[in-house]
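Residue numbers (this note's numbering): 24 to 212.
Just so it is clear, CB atoms sit at the ideal spot from N, CA and C, and this is done for glycine as well.
What follows is a single structure, written as structure tokens, with notes after it.
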């Protein structure tokens, strides 16, 4: 699946939004990719999961781990495509952790799966969860890479789309300067 085909799925599902948004990272942007809208369609979710599975199969993971909430659906689909367990980490008292009886062991080779990566902060935090459980993190993947510096992840990164979308610190945001109302559409309120 090429980049144009992926973006077409986002457009068809209304998942590529334009306006003034506060991202989970705290940055502001004029575009937002609402993956939940594209992933609600089983045929789109399956196609995206299969494509990421194909791109990461060479890493031979034994499990995929995603941050809740945005990574859960695509993580499940990538796990299905690879034939491995799909787990997610969720926040407890503001910190990502394994809950619900999920466990990882030192024999696990973990692939981190995200919907959209912007700064890589959630990905690094998810990696720490796996490492704290003794597992080995072997790579990361995402449907959309909004311009992450893969070197900052310290992991191989595969994405279906690399999309340079401008983002700004709040104090330098031109949309704020114009007084445009802001929306916080992500999973972290």
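Residues near residue i by beta carbon distance below 7 Å, same chain, minus five either side
i          : result
residue 56 : 33, 38, 39, 139, 167
Distance between beta carbons of residue j and residue i, contact taken as under 8 Å
i           : j           : result
residue 187 : residue 170 : 5 Å
residue 90  : residue 133 : So it is not a contact: roughly 13 Å between Cβ atoms.
residue 103 : residue 72  : 6 Å
residue 87  : residue 107 : 6 Å
CA nearest to the CA of residue i, picked from the options
i           : options           : result
residue 110 : 116, 97, 118, 117 : 97
residue 64  : 74, 36, 50        : 36
residue 114 : 145, 129, 87      : 145
residue 121 : 94, 24, 45, 153   : 153
residue 24  : 195, 69, 87, 131  : 69
First through last residue of the beta strand (DSSP E) which encompasses residue i
i           : result
residue 44  : 39-45
residue 112 : 108-115
Nonlocal neighbours in the same chain, by C-beta distance under 6 Å from residue i, ignoring five residues either side
i           : result
residue 203 : 43
residue 142 : 48
residue 159 : 132
Range of the contiguous alpha helix (DSSP H) that encloses residue i
i           : result
residue 169 : First-last for residue 169: undefined, no H or E at that position.
residue 84  : No alpha helix (DSSP H) holds residue 84; DSSP gives it neither H nor E.
Same chain only: Cβ atoms within 8 Å of residue i, ignoring 5 sequence neighbours per side
i           : result
residue 162 : 79, 82, 84, 134, 135, 178, 179, 180, 181
Extract the residue ranges of the alpha helix (DSSP H) inside the segment 45-76, only unbroken runs of 4 or more that lie entirely within it. 58-62
Beta strand (DSSP E) runs contained entirely in the segment 117-187, provided each spans 3 or more residues: 118-121, 132-140, 159-168, 180-185
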